[in-house]
């Protein structure tokens with residue numbers, strides 16, 4: 095019965111498609127007032143209007159009978175210096191909530207890698223100290239980390255590459271209703287920024303998820319953590335002296351981070367002064383390197399979700415239409431979201447409990 099439609103899911107579906115209430119009402123042939131009342135749970139929609147709404151928003155009718163996701167999308171921190179339109183923010187939040195719900199449904203029959211990271215309070219340790227301790231606890235060798243995605247996924251943080259609707263959003267970190275730690279990485283981002291973004295989000299997860307109050311410096315703290323985690327001071331500091339663009343290019347190949355991240359690191363290690371740092375930024379802009387740097391880096395690919403889908407299809411006997419139905423998506427969207435190319439193997443187990 096349409097009386098059982100979850101009004102909160104009406105809002106979530108609409109916001110995930112980036113459409114306003116007034117525009118949707120016009121497209122499905124009702125007044126905004128009627129749609130507003132439906133979204134507030136004060137009035138049900140006629141069946142023919144509901145069908146139009148499902149078609150326009152491209153969700154199956156069963157999508158709207160799900161429980162409301164209650165876990166807040168509060169474990170992410172947009173860059174404060176970037177102005178992101180409210181409409182985009184709402185679309186990102188709604189999409190993340192739905193995607194998290196999909197992941198929780200898919201994980202019911204699958205045992206994912208345990209979360210093995212240790213949390214720290216940045217009031218007790220500096221971000222740099224936390225990064226050093228984390229590298230030690232993970233038993234990482236000296237030098238660049240071979241794969242940030244492998245490191246995160248093997249230790250219980252799922253990495254999801256998806257469209258976050260705005261080039262100014264690199265990524266965000268969150269926890270699902272079932273406690274799965276997830277980093278959503280913007281697929282619009284160039285490869286040479288991905289590793290720093292992953293380390294930045296790891297910094298948020300370790301330093302900012304489990305403490306009651308958040309300082310205003312969370313972005314700077316996450317950047318400092320990422321810099322030390324990817325480019326340890328004791329290992330890189332001598333290489334950052336007497337910098338020029340040729341040397342930065344060599345360091346980029348070795349450490350597998352962007353040239354801008356290396357210059358940022360040099361500034362904070364005081365191997366370049368403020369004047370030199372500013373000149374580097376001017377040259378980045380003049381050379382068109384703010385958006386696209388030379389020396390492309392290979393893409394790191396996530397793989398856990400792909401393995402989960404393969405287990406459902408190959409071992410648990412689901413068809414693609416059945417699996418799409420399980421997570422309340424249309425088949426086309428399911429395929430676009432989850433059926434990705436072959437990835438490295440990871441041992442994920444069928445949950446026999």
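Residue numbers (the numbering used here): 95 to 447.
Glycine included, every Cβ here is placed at the ideal spot set by N, Cα and C.
Only a predicted model underlies this, so the values are computations on that prediction, with no experimental measurement involved.
Euclidean distance between Cα positions of residue i and residue j
{"i": "residue 446", "j": "residue 341", "result": "The predicted position of residue 446 is uncertain, since its pLDDT is 39 and thus under 50; a value taken from the coordinates is nonetheless stated next. Looking at the two C-alpha atoms, the distance is approximately 53 angstroms."}
{"i": "residue 118", "j": "residue 147", "result": "8 angstroms"}
{"i": "residue 381", "j": "residue 286", "result": "17 angstroms"}
{"i": "residue 313", "j": "residue 415", "result": "41 angstroms"}
{"i": "residue 318", "j": "residue 129", "result": "46 angstroms"}
{"i": "residue 469", "j": "residue 337", "result": "Missing from the structure shown is residue 469; the chain here goes from 95 to 447 and no further."}
{"i": "residue 208", "j": "residue 250", "result": "5 angstroms"}
{"i": "residue 396", "j": "residue 267", "result": "15 angstroms"}
{"i": "residue 159", "j": "residue 191", "result": "15 angstroms"}
{"i": "residue 255", "j": "residue 422", "result": "20 angstroms"}
{"i": "residue 225", "j": "residue 292", "result": "13 angstroms"}
{"i": "residue 424", "j": "residue 389", "result": "40 angstroms"}
{"i": "residue 265", "j": "residue 310", "result": "19 angstroms"}
{"i": "residue 431", "j": "residue 180", "result": "24 angstroms"}
{"i": "residue 245", "j": "residue 258", "result": "23 angstroms"}
{"i": "residue 228", "j": "residue 211", "result": "8 angstroms"}
{"i": "residue 403", "j": "residue 253", "result": "15 angstroms"}
{"i": "residue 213", "j": "residue 231", "result": "12 angstroms"}
{"i": "residue 204", "j": "residue 248", "result": "15 angstroms"}
{"i": "residue 427", "j": "residue 154", "result": "11 angstroms"}
{"i": "residue 116", "j": "residue 123", "result": "11 angstroms"}
{"i": "residue 334", "j": "residue 387", "result": "19 angstroms"}
{"i": "residue 273", "j": "residue 206", "result": "11 angstroms"}
{"i": "residue 349", "j": "residue 304", "result": "30 angstroms"}
{"i": "residue 366", "j": "residue 260", "result": "32 angstroms"}
Outcome for residue i when other beta-carbon atoms lying within 10 angstroms are tallied against a minimum of 16
{"i": "residue 288", "result": "buried"}
{"i": "residue 185", "result": "buried"}
{"i": "residue 218", "result": "exposed"}
{"i": "residue 411", "result": "exposed"}
{"i": "residue 195", "result": "buried"}
{"i": "residue 237", "result": "exposed"}
{"i": "residue 242", "result": "buried"}
{"i": "residue 281", "result": "exposed"}
{"i": "residue 235", "result": "exposed"}
{"i": "residue 347", "result": "exposed"}
{"i": "residue 201", "result": "buried"}
{"i": "residue 114", "result": "exposed"}
{"i": "residue 394", "result": "buried"}
{"i": "residue 376", "result": "exposed"}
Sequence-distant residues of its chain with Cβ nearer than 6 angstroms to residue i (five each side left out)
{"i": "residue 138", "result": "96, 97"}
{"i": "residue 417", "result": "406"}
{"i": "residue 290", "result": "320, 351, 355"}
{"i": "residue 392", "result": "none"}
{"i": "residue 359", "result": "321, 325"}
Own chain, CB closer than 8 angstroms to residue i, minus 5 neighbours either side, in chain order
{"i": "residue 327", "result": "222, 363"}
{"i": "residue 316", "result": "171, 221, 294, 295, 297, 298, 301, 302"}
{"i": "residue 100", "result": "158, 159, 160, 161, 162"}
Own chain, CB closer than 7 angstroms to residue i, minus 5 neighbours either side, in chain order
{"i": "residue 102", "result": "162"}
{"i": "residue 109", "result": "184, 185, 188"}
{"i": "residue 378", "result": "354, 384"}
{"i": "residue 270", "result": "165, 194, 197, 198, 276"}
{"i": "residue 151", "result": "107, 108, 111"}
{"i": "residue 104", "result": "132, 133, 158"}
Any C-beta of chain C under 9 angstroms from that of residue i
{"i": "residue 231", "result": "No chain C is part of this structure, which consists of one protein chain only."}
Contact test: residue i Cβ vs the ligand FAD heavy atom, cutoff 8 angstroms
{"i": "residue 399", "result": "Of the ligands one can find in the structure shown there are none, so the ligand FAD has no counterpart to examine."}
Q) Mind pulling the beta strand (DSSP E) runs of 3 or more residues that sit fully within the stretch 239 to 309? A) 251 to 256, 265 to 269, 275 to 280
Q) Which parts of the stretch 101 to 145 are runs of the alpha helix (DSSP H), unbroken and 4 residues or longer, counting only runs that do not cross its ends? A) 101 to 110, 115 to 122, 126 to 133
Q. Considering only residues of the stretch 346 to 377, which uninterrupted alpha helix (DSSP H) runs meet the minimum length of 4 residues and lie entirely inside it, listed in chain order?
A. 353 to 362
**Q.** Inside the stretch 377 to 444 only - alpha helix (DSSP H) runs reaching at least 4 residues
**A.** 398 to 408, 414 to 420, 425 to 432
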